[in-house]
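In full-length UniProt numbering, the protein residues as written are 1 to 290.
Given below as structure tokens:
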């Protein structure tokens with residue numbers, strides 16, 4: 001160099017894409033709803049049984065976080081306890097992290113008189129479409145994913161947060177055979193507390209003469225204790241019911257993350273969820289850090 005500083009080449013206008021990911025749109029037959037589906041698949045060859053799969057609600061807001069966390073941690077399963085897996089984020093055709101449509105998709109019908117008070121005093125968006133949403137997942141989304149990717153249908157996880165966590169619990173208590181791992185972060189049990197309480201009791205009664213093979217992670221942020229929705233308290237009550245069913249094949253865990261609130265809990269919850277759902281030794285095996 002002749003004493004002059006080399007010019008730095010600056011390239012603008014490009015877009016970053018997480019390796020191994022794709023985005024597609026699907027229109028549901030029931031409800032005629034358009035979904036934006038985010039998929040992350042491992043670059044390596046699948047095992048003979050296929051890859052485990054995580055169905056992730058609110059894909060617009062958390063798909064990137066989970067996909068990158070999995071991409072890094074699954075490089076050394078023997079150290080991290082996270083094996084390669086397919087992630088299917090279920091989102092909506094918007095650039096915003098959340099869509100108001102989620103209120104309908106994640107909730108069951110509820111009389112107006114039983115709805116919780118909106119924190120801003122406004123009217124709630126349309127709600128009560130959870131059955132149609134579950135039908136979309138089971139009858140349309142899962143078959144398409146299993147057609148395009150090698151999936152181990154014996155290792156299916158569903159992950160939801162807030163109202164998504166409520167949806168996860170609704171599925172667990174009424175259709176537990178649909179997934180093997182259920183992860184409900186900061187679940188909005190207060191939205192339909194009576195239903196969850198009654199279904200939890202029925203769930204326990206049904207298991208007197210039957211057995212399951214499911215793992216359940218309930219989690220919340222420590223700061224959520226101060227909120228009037230009492231999310232951690234309600235989650236602990238449900239955990240106490242589920243933990244009594246271990247002999248019937250229900251492995252339940254409750255985690256409360258120090259210093260985290262309703263939204264900030266998501267990254268640390270996702271990291272814990274990956275180890276819970278994807279470690280090769282079972283949901284309660286401990287692994288050293290990298």
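Glycine included, each C-beta is placed from N, C-alpha and C at the ideal position.
The residue among 55, 175, 218, 73 with its C-alpha nearest the C-alpha of residue 146 is 55. Judged by beta-carbon spacing, residue 261 lies within the 8 Å limit of residue 221, meaning their Cβ atoms are closer than that value. Residue 205 is classed as exposed because its beta carbon has fewer than 16 other beta carbons within 10 Å across all chains shown. Going by C-alpha positions, residue 244 is about 9 Å away from residue 252. If you check the CB distance, residue 157 and residue 196 do not come in under 8 Å.
Taking a contact as a CB-CB distance under 8 Å, the pair residue 219 and residue 185 counts as one, their CB atoms being some 5 Å apart. As the crow flies, the alpha-carbon of residue 91 is around 9 Å from that of residue 34. Residue 52 sits in a strand when the DSSP states are folded into three classes.
The beta-bridge partner set that DSSP reports for residue 26 consists of 35.
Here residue 50 has 150, 151, 152 as same chain residues with Cβ atoms under 6 Å from its own Cβ, once five neighbours each way along the sequence are excluded. In this chain, the beta strand (DSSP E) harbouring residue 159 covers 151-161. With a contact defined as Cβ atoms closer than 8 Å, residue 72 and residue 41 miss out at about 16 Å.
Taking the C-beta atoms as reference points, residue 59 is found no nearer than 8 Å to residue 14. Here the alpha carbon of residue 84 sits roughly 36 Å from the alpha carbon of residue 9. Taking a 10 Å sphere around the C-beta of residue 211, we find fewer than 16 other C-beta atoms and assign the residue as exposed. If you keep only unbroken alpha helix (DSSP H) runs of at least 4 residues inside the region 198-252, you get 231-243.
Burial state of residue 155 is buried, judged by a 10 Å Cβ sphere holding 16 or more other Cβ atoms.
The three-state secondary structure of residue 59, taken from DSSP, is helix. With a beta-carbon spacing of about 6 Å, residue 28 and residue 140 fall inside the 8 Å limit used to define contacts. The DSSP-derived three-state label of residue 140 is helix.
When the beta-carbon positions are compared, residue 106 and residue 172 stay at least 8 Å from each other.
With contacts defined as CB atoms closer than 8 Å, residue 134 and residue 274 fail to qualify as a contacting pair. By DSSP's assignment, residue 256 forms a beta bridge with 220. Burial state of residue 16 is exposed, judged by a 10 Å Cβ sphere holding fewer than 16 other Cβ atoms. The C-alpha of residue 264 lies about 26 Å from the C-alpha of residue 242.
A Cβ-Cβ separation of about 7 Å places residue 43 in contact with residue 19 under the 8 Å criterion. About 5 Å separates the beta carbon of residue 270 from that of residue 66, a gap short enough to meet the 8 Å contact definition.
Closest option to residue 188, judged by alpha-carbon separation, among 100, 169, 181: 169.
Under DSSP, residue 182 forms a beta bridge with 158, 216. Annotation for residue 87: the continuous beta strand (DSSP E) segment containing it runs 86-91.
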